[in-house]
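So in this note's numbering, the last spot in the sequence shown is 918, and the numbers never skip. We treat Cβ as the ideally placed atom computed from N, Cα and C, and that holds for glycine. None of these values were measured; they are calculated from a predicted model. First up is the structure itself, then whatever we jot down about it.
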Amino acid sequence: MNTLSYIVIFSIIGSIVSLIGGVLLLSNQKSAHKLALYATPFAGGALLAAVFVDLLPEGIEYESASTVLIATMTGMIIFFLAEGGLRWFHHHHEHEHGHGRQSSPGLIVVGDTVHNALDGVAIAASFMISIPTGVVTTLAVAAHEIPQEIGDFGLLLAKGYSRKKVFLANLLSAFATLVGAILTYVLGSSDALPVGALLGLSAGFLLYISASDVIPTIHESKGSHNSFLNQALLFLGGVVLVSVFTVLAHNIASV
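Listed below in structure tokens is the structure:
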């Protein structure tokens, strides 16, 4: 298979896996929340390992360290502005219509769509370097998206969406991952963007998600001392599993 085929297949796989948590919520809310409790710390570790063990070292092989790190910072800024812009528009829209602080279902879907498109950028940029790098990034992205989608499904259900409407809205939103991935491949293949910088950009996206979303969620969760130890072990498990998988995958690919 060529690179584009891998990008398309794994973007679709990543989208399907990310929807598992949300679909579980529609059938069994208790099990879905338990899955989110375990998946969140694991995702935090997986994202950090994907950034520091795979994406950044790979990017530095193609571009200077300063170029890759500037791209990483740019990726974090882009994600920050995209997320902040959506929140500003969301609060401004609600203030004008007198809805207080309640979330708008439409804006929840839009925000998730933008998020998924940026996930597609990370997946495509990684596969453009190597198949192992692409697989590792897809694994890390999917691990993060499982608890994320559980939250989105829950919010839309709380806003009065039917189960069918919630599923269809999130299914269409997940399609943005494929769109973002294909657009990234087209731009990268035409040399419009250097691949090393694309990897740095992708690392910035994943690092921002881990540092601003996943890790704070772990700290904010209430539980016993044993609960924190479980979360710490899951977090470290994500780091170790993705790190080991990365090393093994690259060693196999180089044989």
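When C-beta atoms of the segment 829-849 are compared with those of the segment 708-727, fewer than three pairs fall below 8 Å, so the two segments do not count as touching. With respect to A860, I670 sits apart: the two C-beta atoms are not nearer than 8 Å. Counting along the chain, S674 sits inside the alpha helix (DSSP H) bounded by residues T666 to S690. In this structure, the straight-line span from the alpha carbon of L820 to that of I679 is close to 20 Å.
Scanning its chain for C-beta atoms nearer than 8 Å, with the 5 sequence neighbours on each side dropped, one finds around I872 the residues L710, F742 and H807, in chain order. A distance of 8 Å or more separates the beta carbons of G843 and L896. The Cβ-Cβ distance between V877 and T703 falls below 8 Å. DSSP places I786 within a helical segment (H, G or I) once states are collapsed to three. Residue state for I792 is assigned as coil, using DSSP reduced to three classes. Per the C-alpha coordinates, the member of T796, M791, S890 and A785 positioned closest to T840 is A785. Looking at the backbone, the Cα of T737 and that of Y725 are separated by about 18 Å. In terms of CA proximity to P810, L682 leads the group M664, L682 and F830. Inclusion of T801 and I676 in the CB contact set at 8 Å is warranted, their separation being smaller than that value.
Cβ atoms of D717 and T796 come within 8 Å of each other, at about 6 Å. Of the candidates G863, H913, G900 and G769, the residue whose Cα lies closest to the Cα of I740 is G863.
Counting of Cβ neighbours within 10 angstroms places L869 among the buried residues, the total reaching 16 or more. Here V799 really is in contact with A912; their C-beta atoms are around 7 Å apart, less than 8 Å. Secondary structure at K693: helix, using DSSP grouped into helix, strand and coil. By the neighbour-count criterion, in which 16 or more other beta carbons inside 10 Å mark a residue as buried, I813 falls on the buried side. Under the 10 Å beta carbon count, L744 is surrounded by fewer than 16 other beta carbons and is classified as exposed. Secondary structure in the segment 807-838: no beta strand (DSSP E) run of 3 residues or longer lies completely within the stretch. The shortest CA-to-CA distance from I672 to any of G783, L700, G684 and K693 is the one to G783. Buried is the label assigned to H778, since at least 16 other Cβ atoms lie within 10 Å of its Cβ.
For P704, the three-state secondary structure derived from DSSP is helix.
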